[in-house]
Structures are given as structure tokens and as C-alpha cells.
Amino acid sequence: MRPDRLNPLFVSAESLKGVGSTLARPLERLGLARVKDFAYHLPDRFVTRRAVANLDQASVGEQVVVLLTPLEYRSAAGRGPFRVLASDTAGNVAAITYFGRASYSGKKSLPLGEPRWVAGRLDQYGQMLQIVHPDHVSEESASALGQLVEPVYALSEGLTQNRIAALIQQAMAGIEPLPEWIEPALLDKMQWPAWRDALELAHRSDHPGARDRLAYDELLANSLALMLVKNSNRKQIGTPLQGGGQLRARLQLPFELTGAQKRSITEIEGDLAQGSPMLRLLQGDVGSGKTAVALEAMLIAVEGGAQAAMLAPTEILARQHYETLSRMAAPTGVTIALLTGRDKGRARESILMGLLDGSIDIVVGTHAIFQDAVTYKNLAMVVIDEQHRFGVAQRLMLNQKGRRTPHCLAMTATPIPRTLTLAQYGEMDVSKLDEMPPGRQPIDTRVVAVERMSDVIGALGRHIESGAQAYWVCPMVRELESEDIAAAEARYAELSVRYGDQVVLVHGQLRPEAKDAAMERFASGAAKLLVATTVIEVGVDVPNATLMVIEQAERFGLAQLHQLRGRVGRGEGKSTCLLLRGASLSETAKRRLALMRETQDGFRIAEEDLDLRGGGELLGTRQSGESAFRVANVDQIQRLLPIAHDDARLLIDRDGGLTGERGEAARLLLYLFERDWGVQLLRGG
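Going by the numbering used here, the sequence shown wraps up at 698, each residue one higher than the last.
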């Protein structure tokens with residue numbers, strides 16, 4: 014249970030003055046639901062403004078404060094911008110420009126003929142100077158705004174810098190200092206401020222020590238929690254599983270196992286024979302053969318007289334695994350069942366009875382397989398697919414389903430850079446499938462300019478007419494007024510006019526039943542084209558789909574592009590991936606798209622992605638709601654994680670149950686970063 018002294022940090026955002034239903038949505042989009050979230054919503058950067066007497070003293074691109082007198086309002090037709098033409102003291106005219114609903118505040122804050130100090134970035138539009146969405150408009154003197162170091166926060170539509178800064182200030186006012194959890198000698202050596210001071214400094218200035226200290230806190234909490242899981246797992250009594258090989262000998266796989274698969278199976282076999290439960294991560298690129306390795310592992314459990322379970326993040330993926338495993342394991346005679354939240358009545362009762370009496374050897378399913386009503390005769394082996402979609406807490410729930418703690422094999426098809434493996438999976442041993450099975454066809458990857466859209470749509474039509482299927486991926490569900498971003502709904506509407514009910518739409522905002530129905534139509538071949546957002550990034554397996562179109566591919570990260578491309582090339586037909594790019598590309602986008610054409614090695618792509626854009630999007634957010642890292646960036650992970658890892662080990666070894674003054678402070682840290690599943694593993698925690 015969370016300590017009382019942390020409760021003020023977890024109070025709802027609605028407790029802050031001015032937060033009501035209007036602000037709830039934009040705040041939610043930024044992940045700002047509680048007071049703590051505001052405290053850790055750190056600035057992206059800081060700007061320093063310079064007060065100038067007139068616009069002649071300023072440069073285009075500079076952040077300035079200047080006295081301007083509004084002369085005229087100009088409104089464009091439709092959704093165009095609203096401009097206030099204003100002059101400085103030397104007679105220079107500039108436009109103060111607003112888009113969307115903000116035009117109302119432009120009229121209100123800039124009455125005609127009344128001088129105002131305007132703070133913002135000076136830009137040029139055609140021949141005219143302009144300031145777009147000024148950060149401040151004030152009647153005060155320039156000294157109130159000039160030479161100002163000001164934080165710039167990430168925003169969502171409906172929020173302004175002033176509003177978010179005021180809410181953060183309000184949230185910070187209610188936060189009390191906490192006991193110190195960092196080793197005093199380290200704090201001294203790094204010259205880091207105390208926790209509460211570090212938060213204040215991080216919002217006021219670009220103070221490297223403050224940011225590093227807050228990142229270190231997060232890394233220490235993560236290292237501690239994962240170490241507690243690992244230590245707890247070692248103390249558990251598992252079921253030693255030594256299969257005789259009789260079932261595996263009957264397997265008739267349509268391919269020869271790679272060296273990496275054989276090595277991983279040997280490592281897993283060694284773990285399963287031990288008295289303490291296995292906790293191993295199987296890392297493998299799309300198509301590297303993780304399912305075959307998982308089947309071998311589960312057959313060892315069945316040979317040893319136990320049951321095995323495979324947990325998948327979605328019903329679609331669970332059904333695919335069930336069909337694949339049933340086909341592969343058919344010669345062995347083992348009984349495999351599928352259990353999802355959709356199963357009801359007699360069918361469900363029959364499966365539950367089979368798990369209870371042991372007549373079902375292997376069950377495949379969604380989170381339904383660890384619900385209270387599900388009881389196993391002897392569950393001793395659990396496989397978790399797409400591990401990053403589940404939190405540690407969910408995995409611990411499955412552990413309670415065995416007489417003893419089951420062995421656990423987690424799998425991920427998202428290659429993780431070496432730097433981040435310890436950060437994300439520090440409690441696990443790792444096996445890596447770094448070879449691809451022979452015969453897997455390369456995917457022809459091409460970069461196509463968006464100007465050739467009509468050619469692409471024409472080629473798509475010919476592709477569908479040939480009987481093959483295709484994916485079309487867009488970066489958003491629907492377009493924002495302020496940005497020209499391809500949207501799945503608009504593209505679906507356009508393609509449906511041309512191809513009718515052969516087109517289905519899938520995105521994260523659809524009801525689960527609607528999403529499943531669309532996916533089933535596509536998987537069965539009834540629909541030929543699936544228009545989607547990145548919800549199809551992992552797990553969808555339709556061998557007849559041999560064309561992938563990714564619209565505005567420059568907006569996606571390398572790892573994401575690679576995962577999306579991996580949805581094709583799964584059958585015998587030649588597969589193509591078209592990366593539709595916009596007119597203007599940054600150097601980073603050019604490098605990404607060039608690398609996608611150059612290689613299909615997911616591990617190399619993961620390392621390059623880390624170099625190009627950092628680890629935030631690689632680590633992502635777990636489906637269970639447990640955020641991976643909010644504060645620590647890749648540079649900080651590389652510099653500070655080894656120190657945090659050693660400090661966590663010292664803390665646990667020296668203060669075994671996190672007792673004593675620093676141990677109690679460390680418990681607060683675990684709750685603060687919501688790694689409290691680590692605390693639950695402590696005796697008396």
C-alpha cells in the first residue's frame with residue numbers, strides 16, 4: 014500500500030485550480046493525470062529572450078521582446094490564419110499571427126491602437142516579419158519580459174505554454190521534500206541537489222545536475238525493482254523439468270532449426286532442469302523462429318508431466334499462435350486448447366475442466382488464462398509473447414497459478430539495443446535468435462515520393478485483382494486541423510470508394526469487437542486491403558499479404574518501420590514494402606529511409622534507431638500502463654544505469670529487506686515511480 018506521505022503526489026489533476034472538463038482531454042494526451050505527472054513534465058528546452066527597442070535591432074529566428082502597437086485585424090477565409098498588423102516605435106510593421114481558435118485571444122490581448130509588449134520568435138513570411146502565437150502579450154514594461162530564461166514544454170492542442178507552466182507551478186507548490194534515497198557519497202561526488210530542489214531547478218533552468226539526478230532516481234527505482242524480482246525468483250521453489258525427448262522426437266518441422274534456435278533451446282533446457290524457476294527473455298527478429306523454440310520448451314514441460322501456457326497480448330495473436338502450435342505439434346499428440354475472454358458457456362467450461370484435470374497439456378490465450386476462475390492441475394511453464402506489452406505485475410499473477418512458481422520464457426519480436434536490455438529486462442537472462450531460417454525471402458523495399466500517390470493506388474488495384482492482399486499504414490487515426498498528417502480514416506474512406514467492402518479499417522480507438530471483426534475479415538481473405546495505424550505493428554500473420562504501403566514513412570522511427578515491414582514476407586510470394594515519403598525530408602529521415610532499403614537486420618536497425626533518435630520511443634509504454642522511462646534519456650541511461658545498477662545491488666545486499674533509514678527511503682522511491690510490485694516481493698512489504 015502506498016505510503017501516506019506520497020498521496021499528495023498522486024492526487025488527480027482535477028484537484029488543480031482551473032482544470033475541468035475542457036482541459037481534461039489535452040492533459041490526458043500528454044499523460045498528465047496526477048499532480049506527480051505535472052512535476053515530471055520537464056521542459057523540452059529553454060529560451061532566452063532579448064528586449065529590443067525596435068525590429069531593426071532583431072534578427073529573424075531570434076526570441077525577442079518588443080513594444081508593438083496594433084493597427085489592423087486581418088481574417089483569412091475558411092480556416093486560414095488571423096493576423097494583427099502592428100508597428101514598432103520606428104514604424105516597422107509586423108504581423109502577429111494566430112491559427113485556429115487562438116484568434117479570439119489575439120483580439121482580446123491586442124486592442125487596436127494600444128501598445129503592448131510582445132514576446133516570441135521573430136520569423137518572416139514572404140516580405141513581412143511576423144510572430145506566430147506569441148508566448149506573452151503584456152502591458153508591463155520590457156523589463157518584466159526581457160532577458161527572460163523561459164521553459165518550453167511539450168503541448169497538445171488546447172493548451173498554451175502559459176497555461177501548462179501555471180499548472181506545473183501550482184502542482185509544485187504542494188510537493189513536500191522526501192527522505193534521501195541516494196547514497197550520500199554518490200550525491201556528494203556528483204554534486205546533485207536534493208530531490209525536491211532538483212525538480213524546481215529542472216523547471217527553472219537547463220541545470221544538468223538536476224536533470225541527471227531525476228533521471229538517476231528513475232533508473233535506480235527500475236534497477237531496484239527488477240533486482241527484487243530476480244532475487245525473489247531465485248528464492249522461489251520451482252518444478253525441475255527434465256523431458257525425456259519422446260514428444261520432441263515426433264516433431265516434423267518443415268524446416269531445419271538454425272544454430273541460434275538450437276543454442277537457445279539448450280539454454281532453456283538447462284534452466285528448466287533447475288530447482289529455481291527460469292526467468293529468460295528470448296529475443297528474436299520478425300521471422301527468426303521464436304514460436305518453434307517456445308514449442309520445444311513447452312514440450313519439455315509436458316514430457317516432464319506438467320502443463321504449459323502461452324500468453325498473448327491480443328485475441329488475434331492468441332488465435333494465430335493456437336493454429337500454428339496445433340499444426341506444428343500435431344504429430345506429438347499433445348492436447349492444445351485456446352482460451353480467450355470471448356469463450357463462454359459449455360466451450361469455456363470444457364476448457365476449464367481440462368486444465369483442472371490435466372487432460373489439456375498446453376493452453377494458449379489472452380489475459381483470460383490467469384483469471385481467478387482458471388485453475389491448473391500442474392502449471393509449470395509459461396511463455397509470454399510480446400513481453401513489452403505486459404507489466405511485471407501481470408507476469409507475477411500468472412506465477413500464482415502453479416503449485417510452485419512456473420518457469421517463465423518471455424519473447425519479444427522487437428530487437429532491443431544492447432544499451433537498453435539491462436534497463437528494460439534487467440531481471441532476466443537473455444537468449445538471442447540472431448540468425449534467420451534459410452529460404453526466407455528478402456522484402457523488396459522502395460522509397461516513393463508522395464507525388465506518385467496515384468501510381469501507388471493504381472499498383473495497389475492491380476495487386477488486389479491478382480488475388481493478393483495488402484496493408485496501408487497511416488501515422489494517425491484522423492487529421493489535426495493544424496497539421497497535414499495522413500489519417501487512417503480519410504485514407505480508408507478514399508480507398509473504400511474505389512475498392513468497396515474489400516477494404517477494412519483498424520485503429521486503436523475502435524471498439525475491440527469492431528477491431529477483431531475487421532482483422533478476422535482480412536485474415537480469412539474476405540477483405541483484401543487493411544488500412545490501419547501502427548496497431549498492426551506486431552503479431553498479425555497473413556501469408557497472402559505481400560504488399561505494405563507506409564504513408565509519410567518519414568514520421569516513423571526505424572524500429573517501427575522495420576516491425577511494420579515484417580507484416581509481409583511471411584508466405585511464399587514475393588513481397589514489397591513501399592515507403593511513401595513527403596516532399597521535404599530532414600537529414601535524419603533521409604538516413605532512416607536509406608537504411609530501410611539497405612538492410613533487414615532488426616538488431617542493426619535497433620542500434621541505428623537508438624543513435625538517430627534516442628530510446629524513448631524504443632522503450633515505449635507497456636500496455637499494462639507501466640511507463641518504461643519518462644525522465645531518463647538514452648545518454649543518461651548509458652552514463653548512469655551502470656552506477657544505478659551497482660547501487661541497487663549494494664542496497665539490497667547490505668540492507669537485505671530495504672530496512673533502515675535509506676532502505677525506507679528507497680521504498681518511497683519504488684512507489685514514486687510506480688515500481689511497487691518490487692516492494693510486494695519483500696517480506697512484510
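Ideal placement from N, C-alpha and C gives every residue a C-beta, glycine not left out.
**Request:** Consult DSSP for Lys243 and reduce its assignment to one of helix, strand or coil.
**Result:** Counting from 1 along the sequence shown, the entry for residue 243 is found at position 230. In this structure, Lys243 counts as helix in the three-state DSSP scheme.
**Request:** Please list, in chain order, all residues of the same chain as Asp442 whose beta carbon is under 6 angstroms from its beta carbon, the five residues on each side excluded.
**Result:** Position 429 of the sequence shown, counting from 1, holds the residue named residue 442. Correct list, in chain order: Arg293.
**Request:** Just the C-alpha distance for Leu180 and Val347, rounded to the nearest angstrom, thanks.
**Result:** Along the sequence shown, one-based indexing puts residue 180 at 167. Along the sequence shown, one-based indexing puts residue 347 at 334. Going from the Cα of Leu180 to the Cα of Val347 covers about 59 angstroms.
**Contact under 9 angstroms by Cβ, Tyr166 with Ala178** = Indexing the sequence shown from 1 puts residue 166 at position 153. Indexing the sequence shown from 1 puts residue 178 at position 165. In contact: Tyr166 and Ala178 (Cβ atoms closer than 9 angstroms).
**Request:** Can you say whether Glu600 is buried or exposed, counting buried as having 16 or more other CB atoms within 10 angstroms of its CB?
**Result:** The residue given as residue 600 occupies position 587 in the sequence shown. Counting Cβ neighbours within 10 Å, Glu600 comes out exposed, since fewer than 16 surround it.
**Asked** Can you tell which of Val463, Val77, Ser25 and Ala679 has its C-alpha closest to the C-alpha of Leu191?
**Response** Numbered from its first residue, the sequence shown carries residue 191 at position 178. The option with the nearest alpha carbon to Leu191 is Ala679.
**Request:** State the Cα-Cα distance for the pair Ser236 and Asp529, rounded to the nearest angstrom.
**Result:** Taking the first residue of the sequence shown as 1, we reach residue 236 at position 223. Taking the first residue of the sequence shown as 1, we reach residue 529 at position 516. Approximately 37 angstroms between the Cα atoms of the pair.
**Request:** On the DSSP bridge assignment, give the partners of Glu85 in chain order.
**Result:** Along the sequence shown, one-based indexing puts residue 85 at 72. Here Glu85 is bridged, per DSSP, to Leu98.
**Prompt:** How about Gln239 and Pro39: do their beta carbons lie closer than 9 angstroms?
**Reply:** As a first step, residue 239 is located in the sequence shown; it is residue number 226 there, counting from the start. As a first step, residue 39 is located in the sequence shown; it is residue number 26 there, counting from the start. Inspection of the sequence shows that residue 239 is occupied by Leu rather than by Gln. Taking 9 angstroms as the Cβ cut-off, Leu239 and Pro39 do not qualify as a contacting pair.
**Item:** Where the beta strand (DSSP E) through Leu351 begins and ends
**Value:** Here residue 351 refers to the residue found at position 338 when the sequence shown is read from its first residue. Unbroken beta strand (DSSP E) run through Leu351: Ile349 to Leu352.
**Asked** With a Cβ-Cβ cutoff of 9 angstroms, do Pro430 and Leu623 count as a contact?
**Response** Numbered from its first residue, the sequence shown carries residue 430 at position 417. Numbered from its first residue, the sequence shown carries residue 623 at position 610. In contact: Pro430 and Leu623 (Cβ atoms closer than 9 angstroms).
**Message:** Could you tell me the alpha carbon to alpha carbon distance between Pro253 and Ala596, rounded to whole angstroms?
**Reply:** As a position in the sequence shown, residue 253 is number 240, starting the count at 1. As a position in the sequence shown, residue 596 is number 583, starting the count at 1. The straight-line gap from Cα to Cα measures roughly 60 angstroms.
**Request:** Report yes or no: is there a C-beta of chain C within less than 9 angstroms of the C-beta of Leu125?
**Result:** No chain C is present in this structure, which holds just one protein chain.
**Residue interval of the beta strand (DSSP E) (run including Val544)** = For the purposes of this step, residue 544 is taken as residue 531 along the sequence shown, with counting starting at 1. Bounds of the beta strand (DSSP E) holding Val544 are Leu542 to Ala545.
**Item:** Pick from Leu260, Met424 and Gln384 that is closest to His334, judged by C-alpha positions
**Value:** Along the sequence shown, one-based indexing puts residue 334 at 321. Among Leu260, Met424 and Gln384, the Cα nearest to that of His334 belongs to Met424.
**Item:** Start-to-end residues for the alpha helix (DSSP H) that takes in Arg271
**Value:** For the purposes of this step, residue 271 is taken as residue 258 along the sequence shown, with counting starting at 1. According to the sequence as given, residue 271 is Thr; it is not Arg. First-last for Thr271: undefined, no H or E at that position.
**Message:** Given this structure, state the Cα-to-Cα distance separating Ala331 from Leu351, to the nearest angstrom.
**Reply:** As a position in the sequence shown, residue 331 is number 318, starting the count at 1. As a position in the sequence shown, residue 351 is number 338, starting the count at 1. Note on geometry: alpha-carbon atoms of Ala331 and Leu351 lie some 8 angstroms from one another.
**Request:** Please name the residue in Ser339, Ala558, Ile109 and His380 whose C-alpha comes closest to that of Leu264.
**Result:** The residue labelled residue 264 in the question sits at position 251 within the sequence shown. Looking at the Cα atoms, Ser339 is the closest of the given residues.
**Asked** Does DSSP put Leu654 in a helix, in a strand, or in coil?
**Response** Here the question's residue 654 lines up with position 641 in the sequence shown. DSSP, read as helix, strand or coil, puts Leu654 in helix.
**Message:** Just verifying my parser: in three-state terms, what is the DSSP assignment at Asp457?
**Reply:** As a working mapping, residue 457 is identified with position 444 in the sequence shown. The answer is strand: DSSP assigns Asp457 an E or B state.
**Message:** Short of 6 angstroms in beta carbon distance, which residues of its chain neighbour Gly119, apart from the five on each side in sequence? Order them along the chain.
**Reply:** For this step, residue 119 is matched to residue 106 along the sequence shown. Result list for Gly119: Phe95, Val97 and Tyr111, in chain order.
**Message:** Quick check on Tyr335: does DSSP put it in helix, strand or coil?
**Reply:** Position 322 of the sequence shown holds residue 335. Judged by DSSP in its simplified three-state form, Tyr335 adopts helix.
**Prompt:** Taking the C-alpha atoms as reference points, what is the distance between Asp17 and Val692?
**Reply:** Your numbering for residue 17 matches position 4 in the sequence shown. Your numbering for residue 692 matches position 679 in the sequence shown. Cα to Cα, the separation comes out at about 15 angstroms.
**Item:** Asn20 burial status per 10 Å Cβ neighbour count (16 or more: buried)
**Value:** Here residue 20 is taken as the residue at index 7 of the sequence shown, counted from 1. Label assigned to Asn20: exposed.
**Prompt:** Among residues of its own chain, excluding the 5 on either side of Lys243, which ones have a beta-carbon nearer than 6 angstroms to its beta-carbon?
**Reply:** Residue numbering aside, residue 243 sits at position 230 when the sequence shown is read from its first letter. Cβ neighbours of Lys243 beyond the five flanking positions: Glu440.
**Message:** Helix, strand or coil for Glu75? Go by DSSP, reduced to three states.
**Reply:** For the purposes of this step, residue 75 is taken as residue 62 along the sequence shown, with counting starting at 1. For Glu75, the three-state secondary structure derived from DSSP is coil.
**Message:** Less than 6 angstroms between C-beta atoms, sequence neighbours within five positions excluded: which residues of the same chain meet that for Ala536?
**Reply:** Residue mapping note: residue 536 aligns to position 523 of the sequence shown, counting from 1. Contacts found: Val555.
**Prompt:** Cα separation between Gly415 and Leu392?
**Reply:** Here residue 415 refers to the residue found at position 402 when the sequence shown is read from its first residue. Here residue 392 refers to the residue found at position 379 when the sequence shown is read from its first residue. Looking at the two C-alpha atoms, the distance is approximately 5 angstroms.
**Message:** For Pro451 and Gly300, what's the separation of their Cα atoms in angstroms?
**Reply:** The residue given as residue 451 occupies position 438 in the sequence shown. The residue given as residue 300 occupies position 287 in the sequence shown. Rounded to whole angstroms, Pro451 to Gly300 spans 11 angstroms at the Cα level.
**Request:** Rounded to whole angstroms, what's the CA-CA distance from Ile195 to Asp230? Just pull it up for me.
**Result:** Counted from its first residue, the sequence shown places residue 195 at position 182. Counted from its first residue, the sequence shown places residue 230 at position 217. So the alpha carbons of these two residues sit roughly 8 angstroms apart.
**Message:** Considering only the alpha carbon of each residue, which of Val306, Gln287, Ser289 and Val544 lies closest to Gln296?
**Reply:** Translated into positions along the sequence shown, residue 296 becomes position 283. With distances taken between Cα atoms, Gln296 lies closest to Val306.
**Item:** Outcome for Gln437 when other beta-carbon atoms lying within 10 angstroms are tallied against a minimum of 16
**Value:** Locating residue 437 in the sequence shown gives position 424, where the first residue counts as 1. A residue is called buried once 16 or more other Cβ atoms fall within 10 Å of its Cβ, and Gln437 is buried on that count.
**Message:** Using 9 angstroms as the threshold, is the C-beta distance between Cys487 and Thr546 below it?
**Reply:** Mapped onto the sequence shown, residue 487 falls at position 474. Mapped onto the sequence shown, residue 546 falls at position 533. Going by C-beta atoms, Cys487 is nearer than 9 angstroms to Thr546.
**Request:** Use the C-beta contact count for Leu682: other C-beta atoms within 10 angstroms, 16 or more gives buried, fewer gives exposed.
**Result:** Sequence index remark: in the sequence shown, residue 682 carries index 669 (1-based). Answer is buried; the Cβ neighbour count reaches 16.
**Asked** Alpha carbon to alpha carbon, how far is Thr634 from Ala386?
**Response** Stepping through the sequence shown from its first residue, residue 634 is reached at position 621. Stepping through the sequence shown from its first residue, residue 386 is reached at position 373. With a pLDDT of only 30 at Thr634, under 50, the local geometry of the prediction cannot be trusted, and no value is derived from it.
**Message:** Tell me the residue span of the beta strand (DSSP E) that contains Gly471.
**Reply:** As a first step, residue 471 is located in the sequence shown; it is residue number 458 there, counting from the start. Careful: Gly471 lies outside any beta strand (DSSP E), inside the alpha helix (DSSP H) at Met466 to Glu478.
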